[in-house]
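The next block holds one structure in the form of structure tokens; read it before the comments.
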Amino acid sequence: MIAYLNGKLAYKSPTLVHLDVNGVGYEVNISLHTWSHIQKLEVCKLLTFVHIKEDAHTMYGFFEDSERSMFLQLISVSGIGASTARMMLSSLHPDDIQRAILMENEKMLEGVKGIGAKTAKRLILELKDKMKKHNKEDVLHLSVTSHNTIQDDALNALVTLGIARNMAEQAVQRVLKAEPQLNELEVLIKKSLKSL
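Take the position in the sequence shown, starting the count at 1, then add 1; the result is the number in the working numbering.
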């Protein structure tokens with residue numbers, strides 16, 4: 002199977018790109034999340050997933066591995082197809098989807114076109130434990146990557162300090178709501194700890 006494509010963007014739109022790889026043009030479906038990263042690029046690398054059905058072979062492309070991982074988790078849930086997963090990733094950031102599932106925030110998931118109450122409940126039921134396990138592994142490896150926001154970094158730090166993830170999220174959000182311009186990680190962590 003094709004793991005990724007690296008080439009020139011011959012055609013691009015918010016939902017579809019044609020990627021020219023050494024003279025072969027691949028049609029790749031993308032989410033708005035990926036579009037936001039590639040819209041100004043001429044050349045890019047997209048991680049891929051090929052969805053094979055009886056009547057079609059469709060390729061989906063992702064700028065980040067976290068988005069592809071989320072896509073694969075979403076389509077593992079019965080009733081969630083590739084186009085619904087792409088719609089979710091176009092409506093919400095992958096981290097927001099994960100947060101909604103871990104915090105059992107059905108309303109946030111229902112805000113996505115095509116996701117009703119039953120589907121939101123099924124998503125939470127089927128993915129919550131998998132994501133919790135995955136989160137624990139992430140915290141153990143705690144790799145702070147360059148695309149993490151100050152909010153993610155603060156959250157990871159608080160979880161590493163032993164604070165429950167949902168409490169840490171609420172504390173960080175309280176501080177950022179009160180001080181939206183705050184951009185110093187150390188200050189955000191200290192204020193979040195005080196607000197617990």
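The C-beta atom is built at its ideal place from N, Cα and C for all residues, glycine as well.
Among the options, the one whose alpha carbon lies nearest that of residue i
i	options	result
LYS191	LYS178, PRO15 and LEU159	LEU159
LYS195	GLN174, GLY112 and PRO181	GLN174
SER91	PRO15, ILE125 and ASP130	PRO15
ILE53	THR161, MET2 and LEU17	MET2
PRO181	ARG166, ALA11 and ILE151	ILE151
MET89	VAL113, SER67 and GLY80	VAL113
Endpoints, beta strand (DSSP E) assigned at residue i
i	result
LYS108	Premise fails: LYS108 lies in the alpha helix (DSSP H), 107-111, not in any beta strand (DSSP E).
GLU28	25-30
MET46	The residue asked about is misnamed: residue 46 is Lys in this sequence, not Met. Taken as a continuous stretch (DSSP letters only), the beta strand (DSSP E) holding LYS46 covers 44-53.
ILE21	It is Asp, not Ile, that sits at residue 21 in the sequence shown. From DSSP, the beta strand (DSSP E) with ASP21 extends over 17-22.
CB of residue i within 8 Å of CB of residue j, strictly
i	j	result
ARG87	TYR61	yes
ASP97	ASP153	no
PHE64	HIS38	yes
LYS9	ASP21	yes
MET168	LEU197	yes
GLU127	VAL78	yes
TYR5	THR59	no
Spatial neighbours of residue i in its chain, beta-carbon cut-off 6 Å, leaving aside the 5 residues before and after
i	result
ASN7	LYS46
ALA121	GLU107, LEU110 and GLU111
THR85	GLY115
Own chain residues within Cβ distance below 7 Å of residue i, not counting five before or after
i	result
MET132	GLN99, ILE102 and LEU103
ALA155	VAL173, LEU186, LEU189, ILE190 and SER193
Element boundaries [alpha helix (DSSP H), containing residue i]
i	result
VAL78	First-last for VAL78: undefined, no H or E at that position.
GLU170	166-179
Beta carbon proximity, residue i to chain D, threshold 8 Å
i	result
SER70	You won't find chain D in this structure, because it holds only one protein chain.
Same chain, Cβ closer than 8 Å to residue i, neighbours up to 5 away in sequence not counted
i	result
HIS19	LEU10, ALA11, TYR12, LYS13, GLY26, TYR27, GLU28 and VAL29
Could you say if the region 29-42 and the region 103-117 meet the contact criterion of at least three C-beta pairs nearer than 8 Å?
no
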